[in-house]
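Asks:
In my numbering, the protein residues as written are 6 to 376.
(1) What is the DSSP secondary structure of residue 244, reduced to helix, strand or coil?
(2) Note down, one range per segment and in chain order, each alpha helix (DSSP H) of at least 4 residues found wholly within the region 156–238.
(3) Expressed to the nearest angstrom, what Euclidean distance is found between the alpha-carbon atoms of residue 126 and residue 42?
(4) Cβ of residue 281 within 7 Å of Cβ of residue 227?
(5) Here's the rule: buried if 16 or more other CB atoms are within 10 angstroms of the residue's CB, otherwise exposed. What is residue 361?
(6) What residue range is occupied by the uninterrupted alpha helix (DSSP H) comprising residue 268?
(7) Classify residue 11: buried if its beta carbon has 16 or more other beta carbons within 10 angstroms, exposed otherwise.
(8) Which of helix, strand or coil does DSSP assign to residue 13?
(9) Do you know how far the Cα of residue 81 is from the Cα of residue 7?
(10) So residue 32 and residue 357 are supposed to be a Cβ contact under 8 Å. How far apart are they, rounded?
(11) Just how far apart, CA to CA, sit residue 74 and residue 19?
(12) Taking DSSP's pairing of strands, which residues face residue 379 in a bridge?
(13) Per DSSP, residue 284 is paired with what?
(14) May I ask you to list the residues that DSSP assigns as paired with residue 21?
(15) For residue 181 and residue 76, what's the separation of their Cα atoms in angstroms?
(16) Could you spell out the range, first to last residue, of the alpha helix (DSSP H) harbouring residue 46?
(17) Using only CA atoms, which one of 353, 375, 363 and 364 lies nearest to residue 37?
(18) Near residue 122, what residues of its chain come up, given a Cβ to Cβ distance below 6 Å and the 5 sequence neighbours on each side ignored?
(19) Using a Cβ distance threshold of 8 Å, determine whether the region 193–212 contacts the region 147–161, with at least three qualifying pairs required.
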């Protein structure tokens, strides 16, 4: 998978962005707040139709404009494609329009054509950070290679939002409690599908991540365990048992959910528990171990997607090199060299040695100069 051209119109601080990509490793360097990350964000947006930095997409549009566009030419398993994603205001409503090879397409049908993995300083908090960070990692990994998972997750989030809305209405005496019964059935069905789709993905991730971690940590072993709220020691491995477990918990939590106005149990509360040599990283791991695990997991995400679609995704390294020590930088660069098309942002160009097939771009106040 390779990107050949990136264009943008009114995207962040770029009124006009136009880059022809000829190399596999592309380094964007310069001082802070010059527009380096905006280039990576435009790639991410062109691949997935959303930003990894904000949920308020109107913030992507250059100030005093009412529309923006990202256009990318790329290859997918040697086939040439182009995508244009346009965002604009229509009667005070934000509209998103996606065209793949000149034909209008829905976001869910486009998902997976251009795959990306993003590694940013936030990901170095993977071990000790909030569970939402680990769930997002898992969802992004599976969704890019499994359309069924993406569709189920989208439906689940809609039902979850509706259930939470009903809980608040019941709390305020605006509707009857029994309206939850039908929604709970649908919620349990979708939650069960998500849970069971996650299990084989986690098993495969464990195998890949452990192998990578052993290679970069002198033989230590990495364990990844999926945990449910209220369960810490076992995995429920079939539909009937999980559905029964969730139905019992939904019933037990109903009064609490009504008081709080949110759903207390389900895949949106699940987590990944990480251990090295059977010792929990968040409690006993050194900062070095935690950062090595974060690096191993990102590399395993690349390898996972490659095994699923038979080619590596695009890798985006957003200001992460300065957060890694020399050894981990070297391990990361050795992995991506000659394998993965990579886009890197750094303040200091010297953090990236002259690798084979590398292009360097100086970014200053939204101006790009290839050197």
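The beta-carbon is built from N, C-alpha and C at its ideal position, and this holds for glycine as well.
These numbers come from a predicted model, not from an experiment.
Replies: Reading it off the structure:
(1) For the purposes of this step, residue 244 is taken as the residue at position 239 of the chain shown. Looking at residue 244 - three-state DSSP - the assignment turns out to be helix.
(2) Unbroken alpha helix (DSSP H) stretches of 4 residues or longer found wholly inside the region 156–238: 185–221, given in chain order.
(3) Your numbering for residue 126 matches position 121 in the chain shown. Your numbering for residue 42 matches position 37 in the chain shown. Using only the alpha carbons, I get a separation of about 12 Å.
(4) Taking the chain shown and counting its residues from 1, the one referred to as residue 281 is at position 276. Taking the chain shown and counting its residues from 1, the one referred to as residue 227 is at position 222. In this structure, the beta-carbon distance from residue 281 to residue 227 falls below 7 Å.
(5) The residue labelled residue 361 in the question sits at position 356 within the chain shown. By the neighbour-count rule (16 or more Cβ atoms within 10 Å), residue 361 is not buried but exposed.
(6) If you number the chain shown from 1, residue 268 lands on position 263. No alpha helix (DSSP H) contains residue 268, which DSSP labels as neither H nor E.
(7) Position 6 of the chain shown, counted from the start, is the residue given in the question as residue 11. By the neighbour-count rule (16 or more Cβ atoms within 10 Å), residue 11 is buried.
(8) Reading the chain shown from its first residue, position 8 is the one you call residue 13. DSSP places residue 13 in strand when its eight states are reduced to three.
(9) Here residue 7 refers to the residue found at position 2 when the chain shown is read from its first residue. Here residue 81 refers to the residue found at position 76 when the chain shown is read from its first residue. Approximately 7 Å, taken between the alpha carbons.
(10) Here residue 32 refers to the residue found at position 27 when the chain shown is read from its first residue. Here residue 357 refers to the residue found at position 352 when the chain shown is read from its first residue. Indeed, because the Cβ distance is near 5 Å, the residues count as touching under 8 Å.
(11) Here residue 74 is taken as the residue at index 69 of the chain shown, counted from 1. Here residue 19 is taken as the residue at index 14 of the chain shown, counted from 1. Their backbone Cα atoms lie some 11 Å apart in a straight line.
(12) Any property of residue 379 remains undetermined from this structure, which presents the chain solely from 6 to 376.
(13) The residue labelled residue 284 in the question sits at position 279 within the chain shown. According to DSSP, residue 284 bridges with 281.
(14) Working through the chain shown from its first residue, we reach residue 21 at position 16. According to DSSP, which records beta bridges pairwise, residue 21 is partnered with 14.
(15) Residue mapping note: residue 181 aligns to position 176 of the chain shown, counting from 1. Residue mapping note: residue 76 aligns to position 71 of the chain shown, counting from 1. Between residue 181 and residue 76, the C-alpha separation is close to 49 Å.
(16) Along the chain shown, one-based indexing puts residue 46 at 41. Where residue 46 is concerned, the enclosing alpha helix (DSSP H) stretches over 41–53.
(17) Here residue 37 refers to the residue found at position 32 when the chain shown is read from its first residue. Nearest of 353, 375, 363 and 364 to residue 37, Cα basis: 353.
(18) Reading the chain shown from its first residue, position 117 is the one you call residue 122. The residues are 306, 307, 318 and 320.
(19) yes
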